[in-house]
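Structure first, then comments.
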Amino acid sequence: MGSVKDYFKGFGMGLRSLVQGMEVTGKEFLTKKVTEKYPENRDNVPVAPRFRAILTLTYDAEGRHKCISCGMCQRSCPNGTINIESKMVELADGKKKKQLVNWMYDLGSCTFCQLCVTNCPTGAITFSNDFEQSVFTRELLVKKLNYLPEPPIEPAPAPAQPAAPAEPAK
Ligand code: SF4
Ligand code: SF4
């Protein structure tokens, strides 16, 4: 059976522990709050500029991108997230060139490793920090990144017509 001394010793320890706990609570009560009121603050929620949310194909003001359909990003990707479809077109000078048809990206399987961005020779792709990417089905996570129409290719010159035969002399 415990003595009166043990009783007060235990009481003192309990009181000390309570004061220590209240000290922590009081400190947090006075600390500046950092909780984000999302989604109410959707328009100005702070997101780190370099946060990798989704891969994007960059367009300039004239609606042109820098992708040359080389397929380097697709080959660099460790898990088949990228699928580049292209076709050969003939230029005005008769030379042939690859033209992008579909730049397909599966956000659902991307691991955000950025190997594709690092290995792109033209800097055509980058990560956006647009973090609101929730959808209801996995199919909707497969995205076509070249969402603008490709600029028209200058048509190849028409083949030269044979010269008309000269009129016989009278
Ligand atoms: S995004 Fe870059 S690496 Fe990928 S196909 Fe286009 S140019 Fe090549
Ligand atoms: S970030 Fe990595 S996983 Fe995602 S598409 Fe690029 S290479 Fe593939």
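Read in the numbering used here, the sequence shown has 66 at position 62, and its numbers run on one by one without any break. Quick reminder that beta carbons are idealized off the backbone N, C-alpha and C, glycines included.
| query | When the Cα of residue 108 is compared with those of 156, 134, 47, 84, which residue comes out closest? | reply | As a first step, residue 108 is located in the sequence shown; it is residue number 104 there, counting from the start. Answer by Cα proximity: 84.
| said: Starting from residue 3, trace the beta strand (DSSP E) in both directions and tell me its first and last residue. | reply: Nothing can be reported for residue 3, as the shown portion of the chain is limited to 5 through 174.
| Nearest neighbour of residue 67, chosen from 157, 152, 156 [CA to CA] | Residue 67 sits at position 63 when you count from the first residue of the sequence shown. Out of 157, 152, 156, 152 has the C-alpha closest to the C-alpha of residue 67.
| said: Any contact between the region 134-151 and the region 73-80? By contact I mean 3 or more CB pairs, one from each, below 8 angstroms. | reply: no
| For residue 132, which of helix, strand or coil comes out of DSSP? | As a first step, residue 132 is located in the sequence shown; it is residue number 128 there, counting from the start. If DSSP states are grouped into helix, strand and coil, residue 132 belongs with the strands.
| Where residue 48 and residue 114 are concerned, what is the direct C-alpha to C-alpha distance, given to the nearest angstrom? | In the sequence shown, residue 48 corresponds to position 44, counting from 1. In the sequence shown, residue 114 corresponds to position 110, counting from 1. Near 26 angstroms, if we compare the C-alpha coordinates of residue 114 and residue 48.
| query | How would you write the range of the beta strand (DSSP E) that residue 91 sits in, first residue to last? | reply | For the purposes of this step, residue 91 is identified with residue 87 of the sequence shown, where counting begins at 1. Taken as a continuous stretch (DSSP letters only), the beta strand (DSSP E) holding residue 91 covers 86-94.
| request: Starting from residue 72, follow its DSSP beta bridges and name the residues at the other end. | output: Here the question's residue 72 lines up with position 68 in the sequence shown. In DSSP, residue 72 forms no bridge with anything.
| message | Under 8 angstroms, with one C-beta from each stretch per pair, do the region 121-132 and the region 55-69 reach the 3-pair mark? | response | yes
| task | Mind listing, in chain order, the continuous alpha helix (DSSP H) runs of no fewer than 4 residues lying wholly within the region 31-78? | result | none
| said: Between which residues of its own chain and residue 106 is the CB-CB distance below 8 angstroms, once the five residues before and five after are set aside? | reply: Taking the sequence shown and counting its residues from 1, one reaches residue 106 at position 102. Within the same chain, residue 106 has close Cβ partners 87, 88, 89, 148, 150.
| query | Beta carbon of residue 104, beta carbon of residue 69: below 9 angstroms? | reply | By one-based count along the sequence shown, residue 104 stands at place 100. By one-based count along the sequence shown, residue 69 stands at place 65. Yes.
| request: Could you pull out every residue in the same chain whose Cβ sits closer than 7 angstroms to the Cβ of residue 81, ignoring the five residues on either side in sequence? | output: Within the sequence shown, numbered from 1, the residue matching residue 81 stands at position 77. These residues qualify, in order along the chain: 119, 120.
| Inter-residue spacing [alpha-carbon to alpha-carbon] between residue 135 and residue 146 | By one-based count along the sequence shown, residue 135 stands at place 131. By one-based count along the sequence shown, residue 146 stands at place 142. Approximately 16 angstroms, taken between the alpha carbons.
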